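Data block below; observations after.
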Amino acid sequence: MSTTSTASTSTISTSTTTTTMTGQGSCLVFWDLTSSGAVTVNLLYLTSHIISISASFALPHNVWTHIAQTFSLTSETILYINGTVVTSGYVSGGRAIGPFTIIGESPADTNNYSAGIIAAGQFYGSVDEYRVFGRQLMAAAISYVATL
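Structure follows, in C-alpha coordinates:
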(Lines of atoms letter the chains of each structure in order from A and count residues from 1; the text may use other names and numbers.)
(Lines give C-alpha, C1' and ligand atoms only; values in the text may rest on other atoms or scores of the structure.)
Protein backbone atom coordinates (compact mmCIF):
# COMPACT_ATOMS: atom_id res chain seq x y z
CA MET A 1 0.00 0.00 0.00
CA SER A 2 1.30 3.46 -0.83
CA THR A 3 0.66 6.31 1.60
CA THR A 4 1.24 10.04 1.97
CA SER A 5 1.30 11.95 5.25
CA THR A 6 1.38 15.74 5.43
CA ALA A 7 1.41 18.30 8.24
CA SER A 8 1.97 22.00 8.71
CA THR A 9 4.14 22.64 11.77
CA SER A 10 5.56 25.60 13.65
CA THR A 11 8.37 24.74 16.06
CA ILE A 12 9.16 26.84 19.08
CA SER A 13 12.15 24.87 20.31
CA THR A 14 14.53 22.30 18.88
CA SER A 15 13.47 18.97 20.28
CA THR A 16 12.41 15.56 19.07
CA THR A 17 8.97 14.85 17.68
CA THR A 18 7.79 11.41 16.71
CA THR A 19 4.84 10.64 14.50
CA THR A 20 3.91 7.12 13.46
CA MET A 21 2.13 6.91 10.11
CA THR A 22 -0.64 4.64 8.95
CA GLY A 23 -0.44 1.93 6.29
CA GLN A 24 -0.11 -1.85 6.08
CA GLY A 25 2.86 -4.24 6.05
CA SER A 26 6.04 -4.56 8.09
CA CYS A 27 7.53 -1.08 8.55
CA LEU A 28 6.98 1.66 11.16
CA VAL A 29 7.56 5.22 9.99
CA PHE A 30 8.63 7.93 12.46
CA TRP A 31 9.05 11.65 11.87
CA ASP A 32 11.58 13.29 14.15
CA LEU A 33 13.51 16.51 14.57
CA THR A 34 17.24 16.06 15.04
CA SER A 35 19.02 17.94 17.83
CA SER A 36 19.85 20.65 15.25
CA GLY A 37 16.18 20.98 14.22
CA ALA A 38 16.27 19.18 10.86
CA VAL A 39 13.39 16.87 9.90
CA THR A 40 14.33 13.20 9.68
CA VAL A 41 12.21 10.23 8.62
CA ASN A 42 13.08 6.92 10.28
CA LEU A 43 11.73 3.68 8.83
CA LEU A 44 11.94 0.75 11.25
CA TYR A 45 11.50 -2.62 9.55
CA LEU A 46 12.24 -6.30 10.12
CA THR A 47 12.15 -5.75 13.91
CA SER A 48 15.36 -3.70 14.27
CA HIS A 49 16.61 -2.38 10.92
CA ILE A 50 16.30 1.37 10.54
CA ILE A 51 16.69 3.52 7.44
CA SER A 52 16.96 7.26 8.11
CA ILE A 53 16.58 10.09 5.63
CA SER A 54 17.07 13.68 6.80
CA ALA A 55 16.77 17.21 5.51
CA SER A 56 20.11 19.02 5.39
CA PHE A 57 18.75 22.12 7.14
CA ALA A 58 16.91 23.02 10.34
CA LEU A 59 13.28 24.10 10.33
CA PRO A 60 12.89 27.78 11.16
CA HIS A 61 11.34 28.57 14.54
CA ASN A 62 7.97 30.33 14.72
CA VAL A 63 7.34 29.89 10.97
CA TRP A 64 4.74 27.52 9.50
CA THR A 65 6.46 24.78 7.50
CA HIS A 66 4.68 22.15 5.40
CA ILE A 67 6.15 18.64 5.72
CA ALA A 68 5.11 15.67 3.59
CA GLN A 69 6.41 12.11 3.39
CA THR A 70 5.35 9.55 0.81
CA PHE A 71 5.78 5.79 0.77
CA SER A 72 5.37 4.06 -2.60
CA LEU A 73 4.50 0.54 -3.71
CA THR A 74 8.20 0.16 -4.64
CA SER A 75 9.19 0.92 -0.99
CA GLU A 76 10.61 4.35 -1.80
CA THR A 77 10.05 7.10 0.75
CA ILE A 78 10.34 10.76 -0.21
CA LEU A 79 10.53 13.73 2.20
CA TYR A 80 9.13 17.08 1.05
CA ILE A 81 9.42 20.41 2.84
CA ASN A 82 7.20 23.26 1.63
CA GLY A 83 6.32 21.26 -1.49
CA THR A 84 9.93 20.58 -2.54
CA VAL A 85 11.70 17.19 -2.47
CA VAL A 86 14.57 17.34 0.04
CA THR A 87 15.63 13.67 0.23
CA SER A 88 14.53 10.11 -0.46
CA GLY A 89 15.45 6.51 0.32
CA TYR A 90 14.39 2.88 -0.09
CA VAL A 91 13.39 0.16 2.36
CA SER A 92 13.89 -3.34 1.02
CA GLY A 93 11.08 -5.71 1.96
CA GLY A 94 9.03 -3.32 4.06
CA ARG A 95 5.80 -1.38 3.87
CA ALA A 96 4.23 0.96 6.39
CA ILE A 97 2.06 -0.68 9.08
CA GLY A 98 -0.82 0.62 11.12
CA PRO A 99 -3.38 1.93 11.49
CA PHE A 100 -2.33 4.24 14.30
CA THR A 101 -0.94 7.74 14.66
CA ILE A 102 1.05 9.11 17.58
CA ILE A 103 1.99 12.77 17.78
CA GLY A 104 4.23 14.03 20.57
CA GLU A 105 6.32 11.74 22.74
CA SER A 106 8.07 8.64 21.42
CA PRO A 107 6.11 5.42 21.94
CA ALA A 108 7.57 3.00 24.50
CA ASP A 109 10.85 1.36 23.47
CA THR A 110 11.24 3.20 20.13
CA ASN A 111 14.43 4.83 21.40
CA ASN A 112 16.02 1.45 22.22
CA TYR A 113 17.04 0.46 18.69
CA SER A 114 20.71 0.47 17.78
CA ALA A 115 20.41 2.29 14.45
CA GLY A 116 18.80 5.43 13.13
CA ILE A 117 18.01 8.74 14.73
CA ILE A 118 15.01 7.75 16.87
CA ALA A 119 15.15 9.37 20.30
CA ALA A 120 12.70 9.94 23.11
CA GLY A 121 11.53 13.50 23.52
CA GLN A 122 8.65 15.94 23.28
CA PHE A 123 7.63 18.22 20.42
CA TYR A 124 7.19 21.86 21.40
CA GLY A 125 5.24 23.76 18.78
CA SER A 126 2.02 23.52 16.81
CA VAL A 127 0.70 21.07 14.23
CA ASP A 128 -2.11 22.11 11.92
CA GLU A 129 -4.04 20.10 9.34
CA TYR A 130 -2.32 16.74 9.76
CA ARG A 131 -3.44 14.48 6.88
CA VAL A 132 -2.87 10.87 5.89
CA PHE A 133 -3.72 9.74 2.36
CA GLY A 134 -4.22 6.08 1.39
CA ARG A 135 -2.15 6.61 -1.76
CA GLN A 136 1.12 8.19 -2.79
CA LEU A 137 0.61 11.79 -3.86
CA MET A 138 2.80 12.93 -6.73
CA ALA A 139 5.05 16.02 -6.44
CA ALA A 140 2.53 18.38 -8.10
CA ALA A 141 -0.21 17.36 -5.65
CA ILE A 142 2.11 17.81 -2.66
CA SER A 143 3.12 21.26 -3.93
CA TYR A 144 -0.58 22.13 -4.16
CA VAL A 145 -1.40 20.79 -0.68
CA ALA A 146 1.56 22.78 0.73
CA THR A 147 -0.08 26.02 -0.42
CA LEU A 148 -3.48 25.36 1.20
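Going from the sequence shown to the numbering used here is simple: count from 1 and add 26. Yeah, the Cβ is synthetic: ideal placement off N, Cα and C, and Gly gets one too. Computed from a predicted model, the values in this text were never measured in an experiment.
Per DSSP, V171 is one residue of the alpha helix (DSSP H) stretching across A165 to A172. Of the candidates V153, G63, L174 and L105, G63 places its Cα closest to the Cα of H87. By DSSP's assignment, N68 forms a beta bridge with F56 and S78. Closest option to V67, judged by alpha-carbon separation, among Y116, D154 and Y170: Y116.
Taking the CA atoms as reference points, M164 sits about 18 Å from Y156. Taking 8 Å as the upper bound for CB-CB distance, V65 and I93 are in contact here, some 6 Å apart. Bridge partners of T110 according to DSSP: I107.
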